[in-house]
Amino acid sequence: MAFPHKEIEKKWQNYWETEKTFRTDREDTAKSKFYVLDMFPYPSGSGIHVGHPLGYTATDVIARMKRMQGYHVLHPMGWDAFGLPAEQYALDTNEHPGTFTEANVKIFRRQLKSLGFSYDWDREINTTDPNYYKWTQWIFLQLYKHGLAYVDEVPVNWCPALGTVLANEEVIDGVSERGGHPVERRPMKQWILKITAYADRLLEDLEEIDWPESIKEMQRNWIGRSEGAEATFTVADQADETIKVFTTRPDTLFGATYMVLAPEHELVEKITTAAEREKVDEYKKAVSLKSDLERTELTKEKSGVFTGAYAINPVNDEKIPIWIADYVLITYGTGAVMAVPAHDDRDYEFAKAFDLPIREVVSGGNIAEAAYIDDGVHVNSDFLNGLHNEKAIEKVIEWLEENNVGRRETSYRLRDWLFSRQRYWGEPIPIIHWEDGSMSAVDESELPLMLPDVGEFKPPGNGESPLANATDWLEVTDPATGMKGRRETNTMPQWAGSCWYFLRFIDPHNDEALADWEKMKYWLPVDLYLGGAEHAVLHLLYARFWHKFLYDIGVVPTKEPFQKLYNQGMILGENHEKMSKSKGNVINPDDILESHGADTLRLYEMFMGPLDAAVAWSENGLDGARRFLDRVWRLLVTEDGQLTSAISDSEGADHKLWSTYYQTVKKVGDDFEHLRFNTGISQMMVFINAANKEETIPRGAAEGFVKMLSPVAPHVAEELWTILGHTSSMTYEPWPTYDESYLVEDEVEVVLQVNGKVRSKMQMSKEATKEKMEEVALADEKIAANIEGKTIQKVIAVPGKLVNIVAN
RNA sequence: GCGGGUGUGGCGGAAUCGGCAGACGCGCUAGAUUUAGGAUCUAGUGUCUUACGACGUGUGGGUUCAAGUCCCACCGCCCGCACCA
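Read in order, the letters of the first sequence correspond to residues 1 to 808 in UniProt numbering.
Given below as C-alpha cells:
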C-alpha cells in the first residue's frame with residue numbers, strides 16, 4: 001500500500017503551525033547555535049519553480065538535523081520584494097505595486113509551507129515593509145554621515161527602455177541584465193556608495209571565510225587589485241601640464257614610444273593642436289555614440305587619432321606623441337597609459353595599426369612577431385640594463401620616487417557603487433535638497449521615510465523617478481528657518497534591502513535598533529548560507545561591504561556576515577536544457593506536490609546528484625524516490641495502518657541488522673553534515689534493502705532510521721513516528737548515535753593479487769601480521785596456480801586490505 | 001585570450017589516505033504474482049569472449065608492487081572575466 005501523502009502532509013503542516021514547533025524563541029547560551037540561511041526570494045508572479053526547493057530543502061535538512069543534534073537553530077524566511085517586475089506591473093495597470101507584491105508573497109508563502117520547510121514564520125520579514133526599510137534607510141544615513149555616500153555627476157549607464165540608470169553590475173555585454181535593452185552612457189547626478197574604500201579588506205578577508213574557491217576568485221577578479229606605479233609625464237612645451245599614468249610594468253618605461261589618453265580625458269581639450277583639432281573632435285564624437293558593447297567588441301580593429309601634442313618621458317626626457325584611443329578606459333587608473341608596444345599586446349596591436357615605433361627593452365622574445373610580456377633581462381634601459389623584471393620594477397619605482405616623478409601605486413578594477421535608481425518601487429533615499437543648494441539628511445527620528453502614494457507610476461521623463469509626481473510629499477519647509485526644500489526622488493536599488501536582512505532575522509520586531517547587540521553576538525555569523533552562484537559578485541559583495549561598515553561603526557559584532565557559503569546547482573529540463581516556458585520543459589512544483597507529495601519532491605531533489613551540480617530532471621527518477629518512501633512505509637506499516645509485527649522489542653545486540661544500521665548512522669550523519677545528501681540517502685536505501693531481507697527489525701534500528709529520514713521526508717517520518725507509538729513531534733528527538741565497536745569488524749575480506757591483478761579473496765583477521773598474510777596467501781589454491789613456474793620477486797602485504805605477490 | 005571547474009556503464013551518479021572501478025537510483029532483460037499495471041516480489045545487467053580469460057574511468061606518455069586517484073603534454077565540455085594598462 002502506498003502512504004496517503006496528501007492526508008499526512010496536511011496533518012503535520014497544521015500541527016507544526018499550531019504548535020509553533022519551529023519557533024526559535026530565545027538565545028540560550030548554554031546551547032550551541034546554528035544559523036542556517038537561504039537567499040530569500042524575490043516573490044515573482046509565477047510562483048516558485050523546482051529550483052527553489054533544491055536549496056531550501058538542503059538547508060531544511062541541515063536545520064532539522066541540527067535541532068535533533070541539540071543545536072539552537074535559526075532558520076528564517078522572508079521576501080526581497082522591491083524590484084522591477086512589480087514596478088512594471090504598476091506601469092501597465094496603474095495599480096500600486098504593493099498590491100501585486102502582497103498577492104505574490106501569499107502564493108510563495110503557501111507554496112513554501114506546503115513543502116514542509118521548518119522556518120520560524122514568526123520571523124518572516126519583507127523588505128518593502130516600512131518597519132523593515134526604516135533600518136535600510138538608517139544604514140544609508142550612517143553611510144552618508146561617514147562620507148561613504150555621496151552625490152556625483154558621473155557618466156552612468158542610462159537605459160532609455162527602462163527609464164533608469166543601471167549599475168555596472170547590471171549591464172551585461174552592453175545591454176541591461178533585466179530585459180536585454182540597450183544601454184548608453186550619459187552624465188547624471190547620482191548617489192554613489194564608496195565601496196572602493198573597502199576594496200582591500202573585501203579582498204583580504206576572503207581568506208577567513210569558507211566559501212567556494214570559484215566565488216572567491218570571482219570576487220578577487222571583480223575587485224581587480226593590481227600593484228604597480230604611477231608615473232608623471234609632462235606635456236612638451238606646456239611645462240605646467242602633467243599627465244599621470246598607471247602601469248604595472250614601470251620597468252618598461254624606457255620602451256614607451258607613445259602615450260594614449262582615453263577620449264574623455266580632461267586634458268585632451270587643452271593639448272590638442274589646431275592642426276589636429278578637427279580629427280580629434282570627430283573621433284571623440286564617434287566614440288561617444290558607441291555603446292559599451294561596440295567599444296569592447298573583440299574583433300574590432302584598434303582605432304585612435306594623434307592629438308598633435310607630445311609628452312616627455314621622465315626617465316629619459318624623450319619626446320613621445322600623445323594619441324587618444326578608445327581602448328584606453330577613462331574609468332580605470334588615470335585614464336591614460338604609457339604605451340610600450342614591445343611588451344604589451346594591446347599597445348603592440350595599436351603600434352602596428354598606426355605604424356608607431358616598437359622598441360625592445362626586455363630581451364627574450366621576438367618583437368618582430370609579437371609583444372613579449374614575460375620575464376627577461378632588460379636592455380636599452382640605462383640604469384635597468386641587466387636586471388630581470390622583478391628587480392627592475394623595484395629599482396625604477398625607487399628612482400621615480402627619488403626624482404619626484406612617480407610613486408608606488410595600487411589600482412583597482414572595482415568602481416564605487418552607483419546607488420540611485422529612477423524608480424518608484426524602492427526605498428526612498430532620506431535626503432532633502434534645500435533651495436540654497438545645500439542638502440541634509442532626514443532626521444533619524446523621522447524614519448521610516450515612507451513611500452508616498454502617487455497617482456501616476458510613470459516616470460516624469462526628465463530622468464527623475466515617479467516620486468517627483470508626489471507633490472505633497474516632495475516639497476518640504478524647514479520649520480525653524482522657513483527654507484524650502486525638495487526631497488530626493490531617487491530610490492535605492494534592489495540590492496539595498498538584501499544587504500542586511502540576515503541581521504533583521506535575528507531580531508525582527510526590534511523598534512530600537514536594527515537588531516539587539518547581544519542577540520547578534522549570539523547568532524552571528526551565519527553558519528551556512530545557501531543560494532545560487534548568480535549572486536557571486538553582486539549581492540555577496542555589497543552585503544559584505546555593508547557588514548564591514550556596520551562592524552566599523554560598532555553596530556555588528558563580526559567582520560564577515562557569512563562564514564560558510566554554498567551554491568546549489570541548477571535543475572535542467574528533462575532534455576538537459578535550461579528550463580524555460582518557450583522550450584516547454586518547465587516542471588511546476590505544485591503539480592509534483594499533487595501527484596507525488598512534498599516528501600517525494602524533497603527526497604528526489606536531494607538524491608538527484610551533488611547539490612552543486614547541474615542535473616536534468618527525470619520523471620522516472622522522481623517515481624523512484626516515491627517508490628523508496630513506499631517501501632519504507634510497507635516495511636513498517638500494515639495494510640490497516642498498524643505497526644508491522646516485524647518490528648521487535650526483544651532483539652538483542654547480536655541482531656544482524658545492527659552492523660548495517662550503525663554504518664548508516666555514521667554515513668548519513670557525516671554526509672548530511674557535508675551537504676552530500678545524495679550519498680547519505682543512498683546509504684538509507686542500503687539499510688532499507690537490508691532490513692527487507694530480515695524477518696525482524698529491532699525497534700531501536702527502526703526508530704533510528706525514521707529519525708534519519710525525517711530531515712529529508714519530515715511528513716512521512718512524523719507519521720511513522722506516531723505509528724511507532726509516540727505522541728508528539730519528533731523534531732527535538734535526539735539524533736541517532738553509533739557505537740564504534742559495531743563498525744570494527746574483526747574478520748575482513750582481504751584481496752589476494754598476483755602482479756596487481758585480483759586472483760582470489762579470503763576472510764582474515766584484521767590484525768593479521770604481514771608475515772601471516774603472506775603465508776596464507778601463498779597457501780591459496782588460485783594463487784598457487786597463478787604463480788606456478790614463476791619466481792617470487794616481492795610480496796606486499798597491507799594489513800586489513802590486500803596481499804600482492806610480484807612474480808615472473 | 002585569461003582565470004576557475006570538469007570528463008567514470010544506456011542515464012543520474014558512487015569510490016576518506018594511491019589498494020576489489022561502477023555503491024545507490026533510473027532504465028533494460030528474464031521469471032513469479034495479478035482481471036490489469038507506469039503496482040509488487042525474485043534473479044540478472046561495463047565491454048568483448050562459447051569458455052578460460054582479456055580489456056575498461058576523455059587522449060597520449062610517465063611514476064609505482066598497485067593509478068579514476070599522483071606527475072607531464074594534449075583534447076572536449078561548463079562557468080566567470082574579457083582592451084583593467
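C-beta atoms are modelled at their ideal positions from N, C-alpha and C, and glycine is treated no differently.
Note to self: Excluding the 5 residues flanking Glu577 on each side, which residues of the same chain have their C-beta closer than 8 Å to its C-beta?
What the structure shows: Contacts found: Lys583 and Asn585.
Check: So which of Val315, Ser303 and Trp135 has the shortest CA-CA distance to Glu349?
Finding: Taking the Cα of Glu349 as reference, the smallest distance to any Cα among Val315, Ser303 and Trp135 is reached at Ser303.
Note to self: Give me the residue from Thr731, Gln111, Glu456 and Ser411 with the minimum Cα distance to Glu19.
What the structure shows: Considering only Thr731, Gln111, Glu456 and Ser411, the residue with the shortest C-alpha distance to Glu19 is Thr731.
Check: Roughly how many angstroms lie between the CA atoms of Ile553 and Ala533, to the nearest whole one?
Finding: Their Cα atoms are separated by approximately 30 Å.
Check: Is Phe383 buried or exposed, if buried means 16 or more other CB atoms sit within 10 Å of its CB?
Finding: So Phe383 counts as exposed.
Next item on the list: Return yes when the Cβ of Val751 is within less than 8 Å of the Cβ of Lys761, no when it is not.
Entry: For Lys761 and Val751, yes; Cβs fall inside 8 Å.
Notebook entry, point to check: Skipping 5 residues on each side, what residues in its chain have a beta carbon closer than 7 Å to that of Asn510?
Noted result: By the criterion of a C-beta distance shorter than 7 Å, Asn510 is surrounded in its chain by Asp516, once the five residues flanking it on both sides are discounted.
Note to self: If you measure between the beta carbons of His378 and Ala392, is that distance less than 8 Å?
What the structure shows: Yes, Cβ-Cβ distance for His378 and Ala392 is below 8 Å.
Item checked: Extent of the continuous alpha helix (DSSP H) run through Ser438 -> Annotation for Ser438: no alpha helix (DSSP H) segment contains it, and DSSP assigns it neither H nor E.
Next item on the list: Determine the contact status of Pro85 and Gly45, defining contact as a CB-CB distance below 8 Å.
Entry: Taking C-beta atoms as the reference points, Pro85 and Gly45 count as a pair closer than 8 Å.
Item checked: Within the stretch 585-626, ranges of the alpha helix (DSSP H) (whole runs, at least 4 residues) -> The qualifying runs are 589-595 and 598-607.
Check: Helix, strand or coil: which one does DSSP assign to Arg359?
Finding: If DSSP states are grouped into helix, strand and coil, Arg359 belongs with coil.
Check: To which residues of the same chain is Pro53 closer than 8 Å at the C-beta, ignoring the five residues directly before and after it?
Finding: If we look at Pro53 and ignore the five residues flanking it on each side, its Cβ neighbours are Leu115, Pro589, Leu601, Arg602 and Glu605.
Next item on the list: Identify the continuous alpha helix (DSSP H) that holds Lys581 and give its terminal residues.
Entry: No alpha helix (DSSP H) holds Lys581; DSSP gives it neither H nor E.
Item checked: Three-state class that DSSP yields for Gly497 in the structure shown -> Gly497 carries a helical assignment under DSSP once its states are collapsed to helix, strand and coil.
Checklist line | Limits of the unbroken alpha helix (DSSP H) element including Gln568 | finding: Per DSSP, Gln568 lies in no alpha helix (DSSP H) and is assigned neither H nor E.
Next item on the list: Grab me the residues of Ala713's own chain with a C-beta within less than 7 Å of its C-beta, minus the 5 sequence neighbours each way, in chain order.
Entry: Cβ-Cβ distances below 7 Å link Ala713 to Asp599, Arg602, Leu603 and Leu629 in the same chain, with the five nearest sequence neighbours on each side left out; the list follows chain order.
Next item on the list: Mind checking who Val268 pairs with in its DSSP beta bridge?
Entry: Beta-bridge partners assigned by DSSP to Val268: none are found.
Next item on the list: Can you tell me the Cβ-Cβ gap for Leu530 and Tyr566, rounded? I've got them flagged as a contact below 8 Å.
Entry: Going by Cβ atoms, the distance from Leu530 to Tyr566 rounds to 5 Å, so yes, they are a contact pair.
Notebook entry, point to check: What residue range is occupied by the uninterrupted beta strand (DSSP E) comprising Val754?
Noted result: Val754: member of the beta strand (DSSP E) spanning Glu747 to Val754, first to last residue.
Next item on the list: Please look up how many angstroms separate the CB atoms of Lys707 and Pro736, rounded, as I've assumed it's under 8 Å.
Entry: Yes, they are in contact, since the Cβ atoms of Lys707 and Pro736 sit about 6 Å apart, within 8 Å.
Notebook entry, point to check: So what's Glu27 in DSSP terms, helix, strand or just coil?
Noted result: Looking at Glu27 - three-state DSSP - the assignment turns out to be coil, as it is neither helix nor strand.
Check: Cβ of Met76 within 8 Å of Cβ of Asp120?
Finding: The question names Met, but residue 76 is Pro in the sequence shown. Cβ distance < 8 Å, so Pro76 and Asp120 count as in contact.
Next item on the list: Classify Glu360 as buried or exposed, calling it buried when 16 or more other Cβ atoms lie within 10 Å of its own Cβ.
Entry: Note on Glu360: 16 or more other CB atoms within 10 angstroms of its CB, so buried under the neighbour-count rule.
Checklist line | Through-space distance from Thr252 to Leu451, alpha-carbon basis | finding: Taking the straight line joining both Cα atoms gives about 56 Å.
Next item on the list: Determine, using beta-carbon pairs with one atom in the stretch 93-102 and one in the stretch 473-482, whether at least three such pairs fall under 8 Å.
Entry: In the pairwise beta carbon analysis, the stretch 93-102 is classified as not touching the stretch 473-482: fewer than three pairs are separated by under 8 Å.
Notebook entry, point to check: Asn221 by DSSP, collapsed to three states: which one?
Noted result: Asn221 carries a helical assignment under DSSP once its states are collapsed to helix, strand and coil.
Checklist line | Neighbourhood of Ser176 by C-beta distance below 7 Å, restricted to the same chain and skipping five residues each side | finding: For Ser176, where only same-chain residues beyond five positions count, the Cβ hits under 7 Å are Cys159, Leu162, Leu166, Glu170 and Val183.
Note to self: So the candidates are Leu143, Thr664 and Pro314; which of them puts its Cα closest to the Cα of Ala496?
What the structure shows: It is Leu143.
Item checked: DSSP-derived helix/strand/coil call for Asp240 -> The three-state reading of DSSP puts Asp240 in strand, counting E and B together.
Next item on the list: Give the DSSP-derived three-state secondary structure of Asn808 in the structure shown.
Entry: Of the three classes helix, strand and coil, the one that applies to Asn808 here is coil, per DSSP.
Note to self: Quick check: the stretch 428-438 against the stretch 483-497, are at least 3 beta-carbon pairs closer than 8 Å?
What the structure shows: Enough Cβ pairs lie closer than 8 Å, so yes.
Next item on the list: State buried or exposed for Ala63, treating a residue as buried only when at least 16 other CB atoms are found within 10 Å of its CB.
Entry: Taking all protein chains in view, the Cβ of Ala63 is crowded by 16 or more other Cβ atoms within 10 Å, so the residue is classified as buried.
Notebook entry, point to check: Could you give the C-beta distance for Met188 and Gly463, rounded to a whole number, given that I count them as a contact under 8 Å?
Noted result: Indeed, because the Cβ distance is near 6 Å, the residues count as touching under 8 Å.
Checklist line | Closest residue to Tyr542 among Glu560, Arg423, Asp527 and Glu208 (Cα-Cα distance) | finding: Check the Cα spacing between Tyr542 and each of Glu560, Arg423, Asp527 and Glu208: the tightest is with Glu560.
Next item on the list: Can you grab the Cα-Cα spacing for the pair Tyr332 / Thr196, in whole Å?
Entry: One C-alpha to the other measures close to 13 Å.
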